[in-house]
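One structure below.
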Amino acid sequence: MVFNFFKKPPSSFLGIDIGTTGIRIVQLGLQDKNIILENYASIETKDYLEILGSGVKLNNIKMSDSKIAKDLKKIISKAGIVSKKVAMSIPISSALSSIMILPDIPEEEIAKAVDFEARQYIPMPINEVVFDWSIIGREIQSGNSNVVDNSRQIKKIKILLVAIPKETTNKYMNIVSALDLKLIALETESFSLARSLVAKQNGAFTIVDIGSRTTNITVVENGFVVGSHIVLGAGGEEITKIISHGFDIDFKRADVLKKDIGFSDNKGSEKKISEVILPILSIIISEIQKINESHSRASKENIKKVVLTGRTASLSGLIEYFSKELSVPVEIGNPWKNIIYDSTLDEVLKKNSPFFSVAVGLALRGFEK
Ligand SMILES: Nc1ncnc2c1ncn2[C@@H]1O[C@H](COP(=O)(O)OP(=O)(O)OP(=O)(O)O)[C@@H](O)[C@H]1O
Ligand SMILES: [Mg+2]
Numbered sequence: 028m029v030f031n032f033f034k035k036p037p038s039s040f041l042g043i044d045i046g047t048t049g050i051r052i053v054q055l056g057l058q059d060k061n062i063i064l065e066n067y068a069s070i071e072t073k074d075y076l077e078i079l080g081s082g083v084k085l086n087n088i089k090m091s092d093s094k095i096a097k098d099l100k101k102i103i104s105k106a107g108i109v110s111k112k113v114a115m116s117i118p119i120s121s122a123l124s125s126i127m128i129l130p131d132i133p134e135e136e137i138a139k140a141v142d143f144e145a146r147q148y149i150p151m152p153i154n155e156v157v158f159d160w161s162i163i164g165r166e167i168q169s170g171n172s173n174v175v176d177n178s179r180q181i182k183k184i185k186i187l188l189v190a191i192p193k194e195t196t197n198k199y200m201n202i203v204s205a206l207d208l209k210l211i212a213l214e215t216e217s218f219s220l221a222r223s224l225v226a227k228q229n230g231a232f233t234i235v236d237i238g239s240r241t242t243n244i245t246v247v248e249n250g251f252v253v254g255s256h257i258v259l260g261a262g263g264e265e266i267t268k269i270i271s272h273g274f275d276i277d278f279k280r281a282d283v284l285k286k287d288i289g290f291s292d293n294k295g296s297e298k299k300i301s302e303v304i305l306p307i308l309s310i311i312i313s314e315i316q317k318i319n320e321s322h323s324r325a326s327k328e329n330i331k332k333v334v335l336t337g338r339t340a341s342l343s344g345l346i347e348y349f350s351k352e353l354s355v356p357v358e359i360g361n362p363w364k365n366i367i368y369d370s371t372l373d374e375v376l377k378k379n380s381p382f383f384s385v386a387v388g389l390a391l392r393g394f395e396k
């Protein structure tokens, strides 16, 4: 799929998402202070990522950097993508994230304290990772409960720490340098999705990205990512496999049935596809419920909405089923909602929302103030 519909942009920024089943590129630009869609492209290729089964479970780029760079070069030139500045995403499963609690120290001392404490939180040699952090909240905890003294309140600073192995970041660096692009940012997908699907809205939201190999669940509070979780093996690939086994048909046929019928065959007495795939959807639902409940307990604020993305979210009947099972509103996220584009593209862009939400979030990073 290649589209190209604007002349050379004045200032633009690229988002490139390398997922398990393909690469998606979005180029955004500025026009009269509005963010406009200038170009987008995608290629479908299987197995860009592979789950490595060793020690700490991390998702890594399986294909050689040069093969990915070659594919990207082709699509960039075919689509006429001109921007050189790029942000790229790393799967949540490629990064290690943890919550660090610091005492209430002055703002200028936080960076030093995080550097100092980081090694306790990262289960890998600190010189083998790059890490980044952000403040996600400040908490007030009561001091000694036996002492009735309201002035004795201890403030804590809550930090989200994200570490990515250098081996992984090097692969992304190699890809961009082979393409003569300038890598401005590398971030985990949770941050890209928070930017494109929730932005700075007040309140707490749960983003559920149901992809090919995994389902990633990210909680965003007042515009900040406050947690991300991986549900391994609960994705589109597993759904195809279970249909294939359940009906004794090959993967290709199972994939067609999945996309045509999905979870919507509630009628008739024949063995249903919805019955066969229910166990996988149930795992995802129970993870969402657990995460939502734990967020409500910890922050005393309920989740306002569950926002679905990833192409398995397009499964027919899925949104109705999730809405029935979860006690909060559920919707498919629309990454294009704050972006200006040619109205003739409306239908195709909306239909492909779950496909481009990471790439749009990455490209939006170029316009953050
Ligand atoms: N219309 C559809 N209905 C149901 N499933 C679909 C549909 N279109 C694509 N899929 C499935 O969605 C999955 C791919 O989703 P997506 O492109 O979001 O994953 P990815 O980003 O490549 O993978 P991951 O996030 O696991 O790395 C595949 O399993 C594919 O079969
Ligand atoms: Mg994905």
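As numbered in this note's numbering, residues 28 to 396 make up the sequence shown, in order.
A virtual CB, placed ideally from N, CA and C, is assigned to each residue, including glycine.
Note that the structure is predicted; figures quoted are calculated from it, not measured.
Okay, do the stretch 199-214 and the stretch 135-142 touch, 3+ Cβ pairs below 8 Å being the bar? Touching, no, given that fewer than three Cβ pairs across the two stretches are closer than 8 Å.
Assess, as a yes-or-no matter, whether the stretch 298-312 is touched by the stretch 255-264 under the definition of 3 or more beta carbon pairs within less than 8 Å. The stretch 255-264, when compared against the stretch 298-312, does touch it at the 8 Å Cβ threshold.
Pair within 7 Å by beta-carbon distance, Leu208 and Lys111: In the sequence shown, counting from the first residue as 1, residue 208 sits at position 181. In the sequence shown, counting from the first residue as 1, residue 111 sits at position 84. Yes; because the gap between Cβ atoms is below 7 Å, this pair is in contact.
Simplified DSSP state of Lys332, which is helix, strand or coil: Numbered from its first residue, the sequence shown carries residue 332 at position 305. In the structure shown, Lys332 adopts extended strand secondary structure according to DSSP, grouped into three states.
Quick one: Cα of Arg165 to Cα of Thr371, how far? Within the sequence shown, numbered from 1, the residue matching residue 165 stands at position 138. Within the sequence shown, numbered from 1, the residue matching residue 371 stands at position 344. Computed Cα separation, rounded: 46 Å.
Collapsed DSSP secondary structure at Asn365 in the structure displayed: Here the question's residue 365 lines up with position 338 in the sequence shown. It is coil, neither helix nor strand.
Cutting at 7 Å between CB atoms, please list the residues of its own chain near Val246, excluding the five before and the five after it. Translated into the one-based positions of the sequence shown, residue 246 becomes position 219. If you ignore the 5 residues before and after Val246, its C-beta comes within less than 7 Å of the C-beta of Ala231, Thr233, Val253, Gly254, Ile318, His322, all in its own chain and listed in chain order.
If you measure from the CB of Gly360, is any heavy atom of ligand 2 nearer than 6 Å? As a first step, residue 360 must be located in the sequence shown, where it is residue number 333. Checking the Cβ of Gly360 against ligand 2 gives no.
Starting from Phe349 and walking both ways along the beta strand (DSSP E), at which residues does that stretch end? Locating residue 349 in the sequence shown gives position 322, where the first residue counts as 1. Where Phe349 is concerned, there is no enclosing beta strand (DSSP E), although the alpha helix (DSSP H) it sits in stretches over 345-352.
Between the Cα of Ala122 and the Cα atoms of Glu216, Val109, Ile63, which residue gives the shortest distance? Within the sequence shown, the letter at position 95 stands for residue 122. Comparing Cα-Cα distances from Ala122 to each of Glu216, Val109, Ile63, the minimum goes to Glu216.
From which residue to which residue does the alpha helix (DSSP H) around Ser219 run? To locate residue 219, count along the sequence shown from 1; it is residue 192. For Ser219, the enclosing alpha helix (DSSP H) starts and ends at 216-220.
Following a CB-centred definition, is Gly46 positioned closer than 6 Å to any heavy atom of ligand 1? On the sequence shown, position 19 is the one that residue 46 refers to. Yes - ligand 1 has a heavy atom lying nearer than 6 Å to the Cβ of Gly46.
According to the neighbour-count rule (16 or more other Cβ atoms, all chains shown, within 10 Å of its Cβ), is Pro306 buried or exposed? By one-based count along the sequence shown, residue 306 stands at place 279. Exposed is the call here.
Using 10 angstroms around the beta-carbon of Ala340, count the other beta-carbons present and answer buried if the total reaches 16, otherwise exposed. Here the question's residue 340 lines up with position 313 in the sequence shown. Result: buried.
So, for Ile304: in the same chain, excluding its five sequence neighbours on each side, which residues have a beta-carbon less than 7 Å away from its beta-carbon? Here residue 304 refers to the residue found at position 277 of the sequence shown. Cβ neighbours of Ile304 within its own chain (closer than 7 Å, five residues either side excluded): Ile266, Ile269, Ile270, Phe290.
Can you grab the Cα-Cα spacing for the pair Asp369 / Gly56, in whole Å? Your numbering for residue 369 matches position 342 in the sequence shown. Your numbering for residue 56 matches position 29 in the sequence shown. When rounded, the distance between both Cα atoms is 14 Å.
Ile63 by DSSP, collapsed to three states: which one? Within the sequence shown, the letter at position 36 stands for residue 63. Of the three classes helix, strand and coil, the one that applies to Ile63 here is strand, per DSSP.
Residues that Ala114 bridges to, as DSSP identifies them: For the purposes of this step, residue 114 is taken as the residue at position 87 of the sequence shown. Residue pairing of Ala114 in beta bridges, as defined by DSSP: Gly42, Ala212.
Tell me the start and end of each unbroken alpha helix (DSSP H) in the stretch 260-306 that is at least 4 residues and wholly inside, in chain order. Counting only runs of 4 or more, we get 263-274, 278-287.
Return the CA-CA distance between Asp131 and Ile186, expressed in angstroms with no decimal places. Taking the sequence shown and counting its residues from 1, the one referred to as residue 131 is at position 104. Taking the sequence shown and counting its residues from 1, the one referred to as residue 186 is at position 159. Between Asp131 and Ile186, the C-alpha separation is close to 12 Å.
Other residues of its chain near Asp282: CB distance less than 7 Å, five sequence neighbours each side excluded: Sequence index remark: in the sequence shown, residue 282 carries index 255 (1-based). Correct list, in chain order: Thr267.
Tell me whether Lys396 is buried or exposed, calling it buried when 16 or more other Cβ atoms sit within 10 Å of its Cβ. For the purposes of this step, residue 396 is identified with residue 369 of the sequence shown, where counting begins at 1. Counting Cβ neighbours within 10 Å, Lys396 comes out exposed, since fewer than 16 surround it.
From the DSSP output, in three-state form, read off Ser161 for me. One-based indexing of the sequence shown puts residue 161 at position 134. DSSP places Ser161 in the strand class (E or B) of the three-state scheme.
Do Val385 and Ser116 have their C-beta atoms within less than 7 Å of each other? Locating residue 385 in the sequence shown gives position 358, counting from the first residue. Locating residue 116 in the sequence shown gives position 89, counting from the first residue. The Cβ atoms of Val385 and Ser116 lie closer than 7 Å to each other.
Could you name the residues of the same chain whose beta carbon sits closer than 7 Å to that of Tyr148, not counting the 5 residues immediately before and after it, in chain order? In the sequence shown, the residue the question calls residue 148 occupies position 121. Non-local C-beta neighbours of Tyr148 in its own chain, meaning closer than 7 Å and more than five positions away in sequence, comprise Ser125, Met127, Leu188, ordered along the chain.
For a test of the three-state rule: what should DSSP assign to Arg392, helix, strand or coil? Sequence index remark: in the sequence shown, residue 392 carries index 365 (1-based). In the structure shown, Arg392 sits in a helix (DSSP, three-state: H, G or I).
Should Gly337 and Leu224 be called a contact, given that it needs their Cβ atoms to be closer than 7 Å? On the sequence shown, residue 337 is found 310 positions in, with the first residue counted as 1. On the sequence shown, residue 224 is found 197 positions in, with the first residue counted as 1. No, they are not a contact pair.
Sorted by chain position, which residues of the same chain lie with C-beta nearer than 7 Å to Asp287's C-beta, five sequence neighbours on each side aside? Locating residue 287 in the sequence shown gives position 260, where the first residue counts as 1. The beta carbon of Asp287 lies closer than 7 Å to none in the same chain, with the five residues before and after it left out.
Could you check how far apart the C-beta atoms of Ile211 and Val156 are, in whole angstroms? I think they sit under 8 Å. Residue mapping note: residue 211 aligns to position 184 of the sequence shown, counting from 1. Residue mapping note: residue 156 aligns to position 129 of the sequence shown, counting from 1. Going by Cβ atoms, the distance from Ile211 to Val156 rounds to 20 Å, so no, they are not a contact pair.
Skipping 5 residues on each side, what residues in its chain have a beta carbon closer than 7 Å to that of Met200? Residue numbering aside, residue 200 sits at position 173 when the sequence shown is read from its first letter. For Met200, same chain residues with a beta-carbon under 7 Å away, outside a window of 5 residues either side, are Leu210 in chain order.
From what residue to what residue does the alpha helix (DSSP H) around Asn197 run? Taking the first residue of the sequence shown as position 1, residue 197 is located at position 170. Counting along the chain, the alpha helix (DSSP H) containing Asn197 begins and ends at 193-205.
Would you kindly check if the distance between the Cβ of Lys182 and the Cβ of Asp92 is under 7 Å? Locating residue 92 in the sequence shown gives position 65, counting from the first residue. Locating residue 182 in the sequence shown gives position 155, counting from the first residue. For Asp92 and Lys182, no; Cβs fall outside 7 Å.
For ligand 1, I want to know if Thr339 counts as a neighbour, meaning its beta carbon is within less than 6 Å of at least one of the ligand's heavy atoms. By one-based count along the sequence shown, residue 339 stands at place 312. The answer is yes for Thr339.
For Glu352 and Ile346, what's the separation of their Cα atoms in angstroms? Within the sequence shown, the letter at position 325 stands for residue 352. Within the sequence shown, the letter at position 319 stands for residue 346. Cα atoms of Glu352 and Ile346: separation of roughly 10 Å, rounded to the nearest angstrom.
Please name the residue in Glu314, Leu129, Glu71 whose C-alpha comes closest to that of Lys101. The residue labelled residue 101 in the question sits at position 74 within the sequence shown. Considering only alpha carbons, the answer is Glu71.
Nearest candidate by alpha-carbon position, reference Leu284, set Pro356, Asp44, Asp236, Ser343: Here residue 284 is taken as the residue at index 257 of the sequence shown, counted from 1. Ranking the options by Cα distance to Leu284, first place goes to Ser343.
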